[in-house]
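K.L.:
If you're matching positions, the sequence shown starts at 0 in numbering that gives the first Met the number 0 and goes up one per residue. The beta carbon of each residue, even a glycine, is placed where N, CA and C say it ideally should be.
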Amino acid sequence: MKKLLLALSLVCAFALESVAQTEFHWGFKGGLNFTTVDSDADDFQARMGQWGVLCRWNIGEHFAIQPEVFYARTGFRSLKKLIKAAPAHDTMSGEGSLQNEWFHLQLLSDNIQIPVIFKYYLPVNLFGDKGLNIHAGPLFSQRFDYKISTSDHEGVLLDPALTGNGTPYVDGMPYRENNTINNFARAQNKTQFHIVTGIGYDSPTGIGVDIRWQTGITPVWNSSSKHCYNKNSHDRIWAICFSYTF
């Protein structure tokens, strides 16, 4: 019984000491992210931005927990194959045949992202304090809007891998449907999970900077969708963020 009471006393003393050493900060953050997607067929990449708010609990001298909520625009830019009817004056193709062209496809996604970052402050004096840290944690991302644009304005049939429809003709006419381009976005998983790792510095003045590597756990495209482009694709995001905390 005495040993149990002693153990409980030690636990309570440690908890009270931890609470006494806890500091709370809140602030704003913003920066750039650089998105790439690994794919068997194409290399997608884009450079976008993010901004939001954060709060941080410093626990003792070396640890902190930092939840964040921010808006992030991610995106893909890539070359895609276009299938369209050859013009009647094309002497190299018979009338009604198909010709292949290439065009630029851009998909921009607007997301709310919520990471929970666990920081460890290194025992290194940088600029007279111990603000240098390494950090990691999970991130939840929810897409709420998207924008598609291409260098082709006709909205003609894309390749079957993007549309799920390999029929180039309907009733003898070239198959045209604006939604075929949007299928590329609709097949994307709206909810995704990532793992974040990085290195940063929090100065005593409240100014901070982070360089992060964000790895997608959830595939970019929904494998159950008939318009799934590549079920094994995952996004990779480099981000550099600046923050100010109070």
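Look at the alpha carbon of Phe69 and the alpha carbon of Arg211, and state the distance between them as a whole number of angstroms.
P.N.:
If you number the sequence shown from 1, residue 69 lands on position 70. If you number the sequence shown from 1, residue 211 lands on position 212. Whole-angstrom Cα-Cα distance: 15 Å.
K.L.:
What are the boundary residues of the beta strand (DSSP E) that Ile216 is part of?
P.N.:
Position 217 of the sequence shown, counting from 1, holds the residue named residue 216. Premise fails: Ile216 is in no beta strand (DSSP E) and is neither H nor E.
K.L.:
In the DSSP assignment, what are the bridge partners of Val123?
P.N.:
Within the sequence shown, numbered from 1, the residue matching residue 123 stands at position 124. The partner list for Val123 (beta bridge, DSSP) is empty, contrary to what the question assumes.
K.L.:
Pick helix, strand or coil for Ala184, following the three-state DSSP scheme.
P.N.:
As a first step, residue 184 is located in the sequence shown; it is residue number 185 there, counting from the start. DSSP places Ala184 in helix when its eight states are reduced to three.
K.L.:
Would you mind working out which of Lys230, Trp56 and Ile64 sits nearest Gln187, comparing C-alpha positions?
P.N.:
Mapped onto the sequence shown, residue 187 falls at position 188. Per the Cα distances, Lys230.
K.L.:
Where does Gln141 land, buried or exposed, given buried means 16+ other C-beta within 10 angstroms?
P.N.:
Position 142 of the sequence shown, counted from the first residue, corresponds to residue 141. By the neighbour-count criterion, in which a residue is buried when 16 or more other Cβ atoms sit within 10 angstroms of its Cβ, Gln141 is exposed.
K.L.:
Could you tell me the distance, in whole angstroms, from the CA atom of Cys54 to the CA atom of His134?
P.N.:
Within the sequence shown, the letter at position 55 stands for residue 54. Within the sequence shown, the letter at position 135 stands for residue 134. Answer to the nearest angstrom: the Cα atoms are 15 Å apart.
K.L.:
If I follow the unbroken beta strand (DSSP E) through Ser148, where does it start and stop?
P.N.:
Here residue 148 refers to the residue found at position 149 when the sequence shown is read from its first residue. Segment Leu131 to Thr149, the beta strand (DSSP E) holding Ser148.
K.L.:
Let's test the definition: count the other Cβ atoms within 10 Å of the Cβ of Thr166 and tell me whether it reaches 16, buried, or not, exposed.
P.N.:
As a working mapping, residue 166 is identified with position 167 in the sequence shown. In this prediction, Thr166 scores a pLDDT of 47, lower than 50, which makes its location untrustworthy; the coordinate-derived value is nonetheless stated afterwards. Thr166 comes out exposed.
K.L.:
Just to confirm, are Phe183 and Leu106 a CB contact at a threshold of 8 Å?
P.N.:
The residue you call residue 183 lines up with position 184 of the sequence shown. The residue you call residue 106 lines up with position 107 of the sequence shown. Result yes, Cβ atoms of Phe183 and Leu106 sit closer than 8 Å.
K.L.:
Does DSSP put Phe245 in a helix, in a strand, or in coil?
P.N.:
The residue given as residue 245 occupies position 246 in the sequence shown. In the structure shown, Phe245 sits in coil (DSSP, three-state: anything other than H, G, I, E or B).
K.L.:
So, helix, strand or coil for Thr204, using DSSP?
P.N.:
Sequence index remark: in the sequence shown, residue 204 carries index 205 (1-based). Coil.
K.L.:
For Ala184, would you say it is in contact with chain C, using Cβ-to-Cβ distances shorter than 8 Å as the test?
P.N.:
Among the chains of the structure shown, chain C does not appear; only one protein chain is present.
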